[in-house]
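For reference, the structure is listed below as structure tokens.
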Amino acid sequence: MKKNRNVLIITYFWPPSGGPGVQRVLKFSKYLTDFGWQPVVLTVENGDFPNYDYSLMKEVPERLPVYKTKTIEPYNIFRFLTGRSKDSRIPTHVMGVKRKSSIGERVSFWIRANVFVPDARIGWWPFAIFKGNEIIRKKKIDLLLSSGPPHTVHLIAQNLSKRLSIPWIADFRDPWVDIAYYEDFRRSYVSRKLDQYLEKMVLRNASAIVTVSQTMINSIFKPKVVNNYYLIPNGFDPEDMHNIVFESSPKFRINYIGHLWKHHRPEVFFQSIAQLIRKNSRFEQDVMMTFVGSLHDSAEEMIKSYNLSNYITRLGYLPHREAFKYMVNSEILYLPILHDRKYHLTGKLFEYIAARTFILGIGQPEGDAAKILEETECGIMIDHSDFRLVEQMIEKRYDQWKVDSKSRAGKIDKIKMYDRRNLTKNLSEVFDIVYENKR
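Letter by letter, the sequence shown follows residues 129 to 567 in the numbering used here.
Dropping the structure here:
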């Protein structure tokens, strides 16, 4: 039987942080002990998170060692310069200059983009290095795993790996300099070059790289640096959906869970709904849309321009299990995918699949998300430019609902491939390979 080994997981996002970033590392930590690896977590104390979900605290394994350190956060400067309250949440997508930005906002955006490289969490670096050294010696750590963004975590792991000669795996949930909103930061030539250098250094020095998308490996990382790359997609935990059952409704429910931002290009979705409302009085009476999360200002403007406000309920961020109820109890789940990013695999895709609700994807028909929808038979991906097909698909699902309001989507055997426990087993096998190669 394989001897238990210790892995130090370095992550900024950890309960009570909410959102998809925390789910990946939390579920790895939950299941790694089943496969011969004892996780130890290094994270921040009182982090500045975009969302909080205190219900996730209950999911942290009881005997899991979790170490928290202080950090220096720059977002209080941003709040002061932009006149926001000290308790306001700062989603990543707002950190870019807008046409009507105030002087304070412009100054804060410039500081964020050009002083804090690679990201606004760099203030955690010295505290995490100090604590990481202590943990590695105390817990006899055999392997490091850093999960980003924020990519500061990789710089922390790189330092510890080099200093103490410990193998290290860098986990990328999203790209680094190729992420969709990178251009919004408007970085200077110097800061951009520094960021590119840091990315290549991490890709080169890590013992192995794990990512959530095969296209991300083939199109983004491999052309930059040759290394050992492994695909471990995001997934879902069946326990999160325990006792959540589908309940039919007199309303035709179209739901969205997550942050809807301008790069999602949601206009074709809103335009299609508005067109169906105009031409079909029964659809107008039946349709109900619920948005769980936040909407970018541009999305709010589209809702007003298409006169859809009366058909939409905004609930803001909800605890993870509550959000699942809205995934399960809907007739269509809207899934916007970045139109020019084949690799884009948002974490919500896999929880949508687990809900067995029909998924209307609007984005890249040749991308990784489209392939998963096709193989699981959970939905369809339509190009952003194909307004007519989007409208037709919504209308088709509506007509089917009028006949059978309880129909569910998906092939169960294919959906199970994305069970978090199965994915953690795959990750443990990567751990084994890296550990044995570095002995």
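Heads up, the beta-carbon is just placed ideally off N, CA and C, and yes, glycines get one too.
For the beta strand (DSSP E) holding residue i, just list the boundary residues, first then last.
i    : result
K155 : Counting along the chain, K155 falls outside any beta strand (DSSP E), though it belongs to the alpha helix (DSSP H) covering P148 to Y159.
N383 : F380 to I385
V338 : A336 to T339
L359 : Y357 to L359
I137 : R133 to I138
V168 : W165 to V172
T197 : V194 to T197
For residue i and residue j, what's the separation of their Cα atoms in angstroms?
i    : j    : result
K196 : I263 : 11 Å
I345 : K268 : 32 Å
F397 : V518 : 7 Å
F411 : P378 : 12 Å
Y462 : R442 : 14 Å
N565 : V188 : 31 Å
I465 : Q286 : 32 Å
N261 : L288 : 7 Å
V558 : A298 : 12 Å
V135 : R332 : 21 Å
V338 : M416 : 39 Å
Y563 : R265 : 17 Å
T139 : V194 : 11 Å
M455 : A497 : 17 Å
N356 : Y384 : 36 Å
F349 : I500 : 21 Å
M121 : I490 : Because the chain is modelled from 129 through 567, residue 121 falls outside the range shown and cannot be assessed.
F163 : L154 : 16 Å
T504 : G538 : 5 Å
P366 : F452 : 11 Å
E459 : W529 : 8 Å
F141 : S533 : 39 Å
W296 : I382 : 43 Å
R516 : E523 : 11 Å
R301 : V340 : 6 Å
S433 : G421 : 21 Å
Y439 : P303 : 35 Å
V354 : Q520 : 45 Å
F282 : V330 : Residue identity check: residue 282 is His in the sequence provided, not Phe. Roughly 7 Å between the two C-alpha positions.
G224 : H424 : For G224, the predicted model reports a pLDDT of 48, less than 50, meaning its position is unreliable; a value from the coordinates is still stated below. Distance between the alpha carbons of G224 and H424: 12 Å.
From what residue to what residue does the alpha helix (DSSP H) around residue i run?
i    : result
Y317 : Y317 to N333
V305 : Note, V305: premise wrong, no alpha helix (DSSP H); not H, not E.
V396 : E395 to K407
Relative to the alpha-carbon of residue i, which residue among the options has its alpha-carbon at the smallest distance?
i    : options                   : result
H391 : A498, S274, I510 and R469 : R469
L555 : Y140, P143, F156 and N134 : F156
D247 : G276, G260 and F255       : G276
Y180 : G149, T504, I348 and E479 : G149
S236 : F300, F380, A483 and R315 : R315
R549 : I137, Y325, F300 and P361 : P361
H512 : L404, Q399 and H387       : Q399
F258 : K321, K198 and Q413       : K198
F105 : G444, D323 and Y182       : Summary: the structure shown does not reach residue 105, with the chain confined to residues 129 through 567, and so no result is reported for it.
S482 : G491, G507 and Q520       : Residue identity differs from the one stated: residue 482 is Ala in this sequence, not Ser. Checked all of G491, G507 and Q520; the closest Cα to A482 is G507.
R536 : V194, F486, W304 and A427 : F486
I284 : V354, I431, P303 and F255 : F255
G108 : L184, I250, E173 and K534 : Lying before the first or after the last residue shown, residue 108 is absent from the chain, which here runs from 129 to 567.
L388 : S426, L404 and E375       : S426
T280 : D270, L292 and G251       : G251
V243 : S433, D560, F313 and H282 : F313
D306 : Y471, K524 and N132       : Y471
N457 : S437, Y434, R484 and K432 : R484
L343 : Y358, V330, M329 and A336 : Position check: residue 343 holds Thr in this sequence, whereas Leu was assumed. Of the candidates Y358, V330, M329 and A336, the one whose C-alpha sits nearest the C-alpha of T343 is Y358.
D560 : L271, R191, P351 and R406 : L271
V373 : R249, R449, R234 and L477 : R449
K321 : A241, L292 and E375       : A241
K290 : I231, A334 and M545       : A334
R406 : E429, E395 and N435       : N435
Count the other C-beta atoms from every protein chain shown that fall within 10 angstroms of the C-beta of residue i, then say buried if there are 16 or more, exposed otherwise.
i    : result
Y317 : exposed
Y526 : buried
I543 : buried
Q151 : buried
H221 : Unreliable placement is indicated for H221, whose pLDDT of 47 sits below 50; no coordinate value is reported for it.
I540 : exposed
P178 : buried
S145 : buried
Q413 : exposed
I200 : exposed
T552 : buried
E173 : exposed
S274 : buried
Should residue i be listed as close to the ligand COA, given that the test is whether its C-beta is under 7 Å from any heavy atom?
i    : result
S535 : Ligands in the displayed structure: none, and consequently the ligand COA is not present.
Subject >> Completely contained beta strand (DSSP E) runs for the stretch 413-483, where each covers 3 or more residues >> reply: Within the stretch 413-483, the complete beta strand (DSSP E) runs of at least 3 residues are 415-420, 440-442 and 460-464.
**OP:** Could I get the ranges of all uninterrupted beta strand (DSSP E) runs contained in the stretch 233-286, with 3 residues as the minimum, in chain order?
**Re:** 271-276, all fully within the stretch 233-286.
**OP:** Write down every uninterrupted run of the beta strand (DSSP E) in the stretch 492-565 whose length is 3 residues or greater and which is fully enclosed by it, in chain order.
**Re:** Positions of the beta strand (DSSP E) runs, each at least 3 residues long and wholly inside the stretch 492-565, are given as 507-511 in order along the chain.
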